[in-house]
Amino acid sequence: MNFSTILEETGIHTSVPCRVDFGGTLDISTFYLSMSHLRPATFNIALDLRTHVRLRPWHPGRIKISSKGFETIERSRTDHNLENPMGLMVAVARYFNAHGVHIDINSTSPPRSALGGSSSAATAVIGAFYAAMGEHPSPEHIAWLAHYLESAVAGVPCGVQDQTAAVFGGVNLWEWTFGENGPKFIQHELCSDGGKRENLNDHFLVAYCGLPHESKDINGKWVQAFKHGAAVETFERIIRLTKDFSAAMADGQFRQAAVLMNKETHLRQRLTPEVLDNTGKQLFETAALVNCGARFTGAGGGGCLWAVGQKEDINALTENWQQILEGVPGAGILDTKVDPRGIVIHEP
């Protein structure tokens, strides 16, 4: 479909949030189907570090994709190579049989930060194409389509929590199960009240370690350990910790949430010590000293850590983390808060 004519009349602009999480990996079908009797779930918070996508007209028969932090690609619609950093976005364009379009992606989160940026960007691109065609699918449809396209391109098991956070926003516990005709998620919204969201902003902290992130290898190790039976009991414990953590966060029991977060991080470290790099280990150990919990985001191995705790403890941790991160190029505390909005189609 040639989008150039449509986009000459009106440009399309969409945006989505990124996320921090607890209980990731449980959103991969390998885990949630075989442990369905335990009702696996993942907690996440949508952050206002939004990814913006703009569709602009381009030469008919060609596609251009640009994204901050990545090399721009410009190619014929008949070039079907997905083996590049923009492969997921190419796959989205191919799904819509799109050409005559420039997909411009601008993320306000750091590159390779493990905040779900590429997955959320795919949801924004999908939403943008539907908006250009005058169609308005459900958020569930957009999330699942983005998930299946990512899994197809990656060739490894992928989760769906990044996509749900992107399209719905807010603070949620996502329960993963199987519905009448396929996998489904059940949303448990935990923080719909505006005042409660504002209060939550004082009780968590996000730091960028300034290092590239690659989730495939660590995720792959977790999947293999689970498939071989070595990690089943560990992930059963992570399910229970995730639900207890979610309840503590919903009830404002932030010191208890911190204890639970540290327990989950220790479990992950036993499976894969590399889930925290050297900077991450320093941040994690420092958090525990001031009664805060800390955890990697996504599959760890670099990127971001986030912390929870009482307001005064988070304030103390902020100073400590800033001192640690001063010596790490590109690292720092991220200025972010809860974003109640999911995917947004902006007015021209």
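Mapping of the sequence shown onto our numbering: residues 1 to 348, in sequence order. C-beta atoms are modelled at their ideal positions from N, C-alpha and C, and glycine is treated no differently.
Which residue spans inside the region 58-121 form an unbroken alpha helix (DSSP H) run of at least 4? 87-95
Do you know how far the Cα of GLU9 is from the Cα of THR25? 42 Å
Cβ of ALA379 within 9 Å of Cβ of VAL338? Because the chain in this structure spans residues 1 to 348, residue 379 falls outside the shown range and cannot be described.
Cβ-based burial, ASN97 [other Cβ within 10 Å; buried from 16]: With fewer than 16 other Cβ atoms from the protein chains shown falling within 10 Å of its own Cβ, ASN97 counts as exposed.
Taking only the alpha-carbon atoms, compute the straight-line gap between ARG39 and VAL20 and give it to the nearest angstrom. Computed Cα separation, rounded: 21 Å.
With DSSP collapsed to three states, give me the class of ALA299. coil
Beta-carbon proximity check, LEU276 vs ALA207, cutoff 9 Å: no
Mind checking which residues open and close the alpha helix (DSSP H) that includes VAL156? That residue, VAL156, is in no alpha helix (DSSP H); it is neither H nor E in DSSP.
Hey, ALA93 and ILE63 are a contact pair by Cβ (cut 8 Å); roughly how many whole angstroms apart? 6 Å
Could you check whether GLY87 and SER76 sit closer than 9 Å to each other, using their CB atoms as the reference points? no
Taking the CB atoms as reference points, tell me whether VAL101 and PRO57 lie closer together than 9 Å. Here VAL101 is near PRO57, since their CB atoms are less than 9 Å apart.
For GLN187, the first and last residue of its enclosing beta strand (DSSP E): 183-189
Taking 8 Å as the cut-off, does the region 261-276 touch the region 291-310 (at least 3 CB pairs, one atom from each stretch)? yes
Compare the Cα-Cα distances from PHE70 to each of ASP104, LEU49, HIS99 and report the closest residue. ASP104
Collapsed DSSP secondary structure at PRO139 in the structure displayed: helix
Continuous beta strand (DSSP E) assignments of at least 3 residues falling wholly in the region 212-298: 293-296
Going by other Cβ atoms of all chains shown within 10 Å of its Cβ, with 16 needed for buried, is MET1 buried or exposed? exposed
So, at 6 Å on beta carbons, what are the nonlocal neighbours of ASN44 in its own chain, with the 5 sequence-adjacent residues on each side left out? ARG19, ASP21, GLN161, ALA165
Rounded to the nearest angstrom, what separates VAL125 and PRO110 at their Cα positions? 19 Å
8 Å contact criterion, which GLY300 and ILE218 should meet: CB distance rounded: Yes, they are in contact, since the Cβ atoms of GLY300 and ILE218 sit about 6 Å apart, within 8 Å.
Decide if SER119 is buried, meaning its Cβ has at least 16 other Cβ atoms within 10 Å, or exposed. buried
Quick one: using the 10 Å Cβ neighbour count with 16 as the cut-off for buried, is ASN315 buried or exposed? Exposure of ASN315 is indicated by the presence of fewer than 16 other C-beta atoms within 10 angstroms of its C-beta.
Helix, strand or coil at THR10 according to DSSP, with G and I counted as helix: coil
How should GLU326 be labelled, buried or exposed, when 16 other C-beta atoms within 10 angstroms of its C-beta is the threshold for buried? exposed
In angstroms, rounded to a whole number, what distance separates the CA positions of ILE186 and ASP27? 12 Å
Which residue marks the beginning of the beta strand (DSSP E) containing GLU175, and which one marks its end? 171-178
How about ILE12 and ALA132: do their beta carbons lie closer than 9 Å? In contact: ILE12 and ALA132 (Cβ atoms closer than 9 Å).
Start-to-end residues for the beta strand (DSSP E) that takes in PHE31: It is not in any beta strand (DSSP E) - PHE31 instead sits in the alpha helix (DSSP H) that spans 29-32.
For THR272 versus LYS227, is the C-beta spacing smaller than 9 Å? Contact flag unset, no.
Please classify THR5 as buried or exposed, where buried requires at least 16 neighbouring CB atoms within 10 angstroms. exposed
Exposed or buried, LEU145, counting other C-beta atoms within 10 Å across all chains shown (16 or more means buried)? buried
Where ILE343 falls: helix, strand or coil (DSSP): coil
Straight-line gap, LYS311 to HIS203 (C-alpha atoms, nearest Å): 5 Å
Tell me whether GLY309 is buried or exposed, calling it buried when 16 or more other Cβ atoms sit within 10 Å of its Cβ. buried
Taking the alpha-carbon of THR108 as reference, which of HIS52, GLY195, THR279 has the nearest alpha-carbon? Nearest C-alpha to THR108 among HIS52, GLY195, THR279: HIS52.
Taking the alpha-carbon of GLN224 as reference, which of SER15, PHE31, GLY182, PHE3 has the nearest alpha-carbon? PHE31
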